[in-house]
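One point on numbering: in full-length UniProt numbering, the residue at position 206 of the sequence shown is 206, and numbering is uninterrupted. Think of the CB as a built atom: it goes at the ideal place given N, C-alpha and C, for glycine as much as any other residue. For clarity, every value in this text was computed on a predicted model and none was experimentally measured. Structure, as structure tokens:
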Amino acid sequence: MQRDLNVTDLELVEKVKSGDRRSFSELVKRHQRSVLRLSLRFVKDMDAAEDVTQEAFIKAYEKMHSFEGRASFKSWLFQIAVNTARNKLREWKRNTVDIDDVHLAVDAEAETTLVHTSVADLLHKEVEKLPIKQKTALVLRVYEDLSFNEIADIMECPYDTAKANYRHALLKLRQTFETQAELKNWTEDVGGFFTEMNLKYAEAEG
1 MQRDLNVTDL ELVEKVKSGD RRSFSELVKR HQRSVLRLSL RFVKDMDAAE
51 DVTQEAFIKA YEKMHSFEGR ASFKSWLFQI AVNTARNKLR EWKRNTVDID
101 DVHLAVDAEA ETTLVHTSVA DLLHKEVEKL PIKQKTALVL RVYEDLSFNE
151 IADIMECPYD TAKANYRHAL LKLRQTFETQ AELKNWTEDV GGFFTEMNLK
201 YAEAEG
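Structure (structure tokens):
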């Protein structure tokens, strides 16, 4: 199948529903990297992330006829991937891994969009401590740059709940840095962190 970037995801979905499996291959090509990146943020391990990605696409194919186009295909696919990743974490939890202690993988490039690289490691550790819903909202908003409407669709919750989870995550991060004097002094010296954090918190409050 020759790639045609002018064909929308929704048009490809309709072709898949009509039995065109090649159109699903095109959807996979378009979204596999972003789904893999998202999965990595939750399960950390590349092999596990690849398993989540493959399982998410299989589920998407099997459920394609239930997709009604109320949200974008990407949001619908991300919802499946997030749920699949969380199920993977629950499996690990049954093997004595606490779901709230599971490491959240964040690549260096994404980190620089939120804070100066000098505090990236500290931020990384604090994000790990967030409850899973707050982690999810933060990842989708900050690292995937999705709207709160899209985040609400993916998390299967009301708009206000998605925004609240994001706001609570930012508040916890800001409070941590502001209440630890050595961190506050260091981040003020290198610059950038509090300006970014306050801007994003203001966005969540708006």
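Pick from the options that is closest to residue i, judged by C-alpha positions
i: K135; options: L170, D160 and Y159; result: L170
i: E68; options: E14, E144, D145 and S147; result: E14
i: E91; options: A152, V43, K129 and K133; result: V43
i: S18; options: L89, H65, S39 and A137; result: H65
i: F78; options: H168, Y143, S39 and H124; result: S39
i: T161; options: L138, A48, E126 and V28; result: L138
i: K74; options: R21, L130 and I154; result: I154
i: Y143; options: K129, E156 and H124; result: H124
i: K172; options: L130, H31, V16 and R21; result: L130
i: R30; options: Y166, L89 and L12; result: L12
Helix, strand or coil at residue i according to DSSP, with G and I counted as helix
i: A60; result: helix
i: S66; result: helix
i: S147; result: coil
i: D82; result: A small fix is needed here, since residue 82 is Val in this sequence, not Asp. Three-state result, V82: helix.
i: V115; result: A caution first: V115 carries a pLDDT of 42, below 50, which makes its placement in the model too unreliable to give a value.
i: residue 211; result: This structure does not reach residue 211, given that the chain is present from 1 up to 206, and the question cannot be answered.
i: E156; result: coil
i: N87; result: helix
i: K15; result: helix
i: N165; result: helix
Buried or exposed by the 16-neighbour rule on C-beta atoms within 10 Å, applied to residue i
i: Y61; result: exposed
i: I58; result: exposed
i: E150; result: buried
i: D189; result: Because the pLDDT at D189 is just 46, under 50, the model does not fix this residue reliably, and the point stays unresolved.
i: Y159; result: exposed
i: E178; result: exposed
i: L10; result: exposed
i: V7; result: exposed
i: S23; result: buried
i: V115; result: Residue confidence for V115 is low, a pLDDT of 42 falling below 50, so the modelled location carries little weight and cannot support an answer.
i: E156; result: exposed
i: R33; result: exposed
i: K63; result: exposed
Inset, instruction - Examine the Cβ distances between the segment 73-91 and the segment 46-58 and report whether three or more of them are shorter than 8 Å. - result: yes
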